[in-house]
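In terms of mature numbering (1 follows the signal peptide of the UniProt record, and there is no 0), the sequence shown is residues -22 to -1, 1 to 415. The beta-carbon is built from N, C-alpha and C at its ideal position, and this holds for glycine as well. The structure appears below as structure tokens.
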Amino acid sequence: MKRLLTPLAFAAATLLASGGYATPYCESLAVKDQLPKKYQKRGPFYSDTSSGWIVGQDQLRNKYAVSDEAVALWHDIRAEFEKHAIDLVVLAAPPRPLFVPKSALDALGMPLDAELPVLQDGFSAYIAALNAAGIVAPDLSRVAQSPLAAEYYFARDTHWTPMGAAVSVAYLNAAMGKGAIDANLARITSTGTYDEKGSLAGVVKDACGKRPQTETVPAPQYAIQGSAASLLGAAPELEKLALVGTSFSDRYQRDAYQVADALAFMMDVHVDNFSVTGGGLVGSMEAFIRSGALASTSYKTVVWEAPYSAPLTDVNGLRQILGALKSAALVSHTEGLDARIGKDWISIEHSVSMEEVQGLEIVTEGTDTGQLLVEIIDGAGEKTRTKLVKSNRVAANLRSNRWALSLSGLPIGQIVRIKLRLPKSEKQEAATIHFIY
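Spelled out as structure tokens, the structure:
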């Protein structure tokens, strides 16, 4: 059960076992409608100046329910990568609240009893389902019950630390059958420090008027240590790995937490980092697929890094990724249906059997960011709507005006009508609908 705390209730909830009171950075953090508007969807925020920890209510949401439709799409996505002799693996960041130290949990006054077990069970079930679908993914929530938990997440930022990234890669390497976790981590013999100003510290600054102090944490120094192969005096030609992720692997538009470095060091591979901050589930993966990287057949492994805020469970996003994979395999487009689309729905009548078609691709005249809504109507009048999303955080040279959608597994026998809408568009533009057979 979730609850929103009034200032009085918040003060009561933060009573410590020792008999003292925890001190929030300011009381308005714990009252949703007293937060700056841009933070209200994420709040309230639970904070404690003694431990320095800050947790938003949004991080307590369980987004890990896995549908049969998502599982079927995982199977299809994995199969598309296998056609290119590429192993697709997932590095999924675990729910951050699971890593809050016990002493800080008591002080924060979060609705713990109802929330944390649900997060733990939901995330573990999500990871188990990925593995059952043939996609290797370590259950990083297990780190929360280990001594490694203390340095895994920042107290005042939403991301993992450089050591948290290293631990995650060590778990992934072990899940792929490439060495024990402890042995992988034991190879890190040199560390420096990393300073993080913190996104959650920014919330405190805006809500309370003063930014908490910067966090300084240990950071592996991979360049000093070299790879395992170089330490043995060998210099083989390295396999290539593609890292496709989010701000966890592209913080401040660079790999601030050294995820790519950890992969290169522990797996003895060359890593190309395609991650995009703010790209969500689709952004970086679609850009990677559209880049032509799959056709080069140079990558043996693709690591799909997924944050706890955008797990790989959203069916719309998965359909868009699978559609892009199917589209990338096309030598040429089929003859298309022309239309002019804009912020209002437009309808195109066309009859085609679902037994013949695998997906749709809509090529717009100029729009390569925002949303495209697609509604398919069958002969019985049943409607199936999908939202396609393209992030403006993807670099301009990696964007595409091709909006693909897989129709795999949809309960439709015969398409009779297709409706399209660009909800953010101020004007109409030309578009062509192609069928992927």
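Cα-Cα, which of the options is closest to residue i?
i, options, result
"A153", "A122, L83, N375 and L118", "L118"
"S305", "V352, S329, H412 and S253", "H412"
"P75", "E334, S45, K61 and Y130", "Y130"
"V372", "A71, S25, T291 and T255", "T255"
"V182", "A148, A220, T27 and E327", "T27"
"L308", "M332, V67, V293 and L272", "L272"
"W52", "A107, M88 and A220", "A107"
"K41", "D54, I32 and F101", "F101"
Rounded to whole angstroms, what is the Cα-Cα separation between residue i and residue j?
i, j, result
"A103", "L38", "16 Å"
"R363", "G391", "15 Å"
"E215", "A242", "13 Å"
"A82", "R377", "43 Å"
"P2", "Q191", "15 Å"
"Y172", "K397", "50 Å"
"A317", "I340", "10 Å"
"F77", "K218", "33 Å"
"K10", "E93", "18 Å"
"V335", "I414", "6 Å"
"L150", "G337", "33 Å"
"L66", "S329", "36 Å"
"A85", "V195", "22 Å"
"K16", "M332", "43 Å"
"G34", "A122", "18 Å"
"M244", "L163", "9 Å"
"H62", "Y230", "32 Å"
"I159", "R120", "12 Å"
Let's see if you can read the secondary structure: which residues bound the alpha helix (DSSP H) around residue i?
i, result
"A70", "Here A70 belongs to no alpha helix (DSSP H); instead the beta strand (DSSP E) covers D65 to A70."
"A273", "No alpha helix (DSSP H) holds A273; DSSP gives it neither H nor E."
"D26", "That residue, D26, is in no alpha helix (DSSP H); it is neither H nor E in DSSP."
"E327", "Run containing E327: none in the alpha helix (DSSP H); it sits in the beta strand (DSSP E), I324 to S331."
"P198", "Taken as a continuous stretch (DSSP letters only), P198 belongs to no alpha helix (DSSP H), being part of the beta strand (DSSP E) at E193 to P198."
"D184", "S177 to C186"
"K80", "K80 to L86"
Leaving out five residues on either side along the sequence, give the residues of the same chain with a beta carbon under 8 Å from the beta carbon of residue i.
i, result
"E343", "N379, E407, A408 and A409"
"V222", "F252, S253, S262, M263, F266, V280, V281, W282 and E283"
"K405", "G320"
"N294", "T364, K365, L366 and V367"
Among the residues of its own chain, which have a CB less than 7 Å from the CB of residue i, if the five just before and after it don't count?
i, result
"G387", "E47 and A50"
"D356", "I390, G391, Q392, I393 and V394"
"A302", "E264, I267, R268 and A382"
"T312", "H412, F413 and Y415"
Which first and last residues belong to the beta strand (DSSP E) in which residue i is found?
i, result
"I299", "Not the beta strand (DSSP E): I299 falls in the alpha helix (DSSP H), residues V293 to A306."
"L221", "E217 to V222"
"H248", "V247 to N251"
"K365", "K361 to K368"
"R380", "R380 to S384"
"I354", "G348 to D356"
"V341", "G337 to T342"
Give every residue of the same chain whose Cβ lies closer than 6 Å to the Cβ of residue i, excluding the five residues on either side of it in the sequence, and list them in chain order.
i, result
"W323", "K397 and R399"
"K402", "G348"
"A179", "R134, R189 and P190"
"A206", "With a pLDDT of only 49 at A206, under 50, the local geometry of the prediction cannot be trusted, and the value read off the model is given with reservation. Correct list, in chain order: D246."
Indicate, with yes or no, if the ligand SAM has a heavy atom lying under 7 Å from the CB of residue i.
i, result
"R395", "Judged by which ligands are present, the structure shown has none, so any question about the ligand SAM falls away."
Can we say the stretch 131 to 140 touches the stretch 161 to 176, given the rule of at least three CB pairs closer than 8 Å?
Counting Cβ pairs under 8 Å, three or more are found: they touch.
When you compare the stretch 160 to 170 with the stretch 95 to 115, are there three or more beta-carbon pairs, one atom per stretch, that lie closer than 8 Å? no
Note to self: Taking 8 Å as the cut-off, does the stretch 141 to 149 touch the stretch 230 to 250 (at least 3 CB pairs, one atom from each stretch)?
What the structure shows: yes
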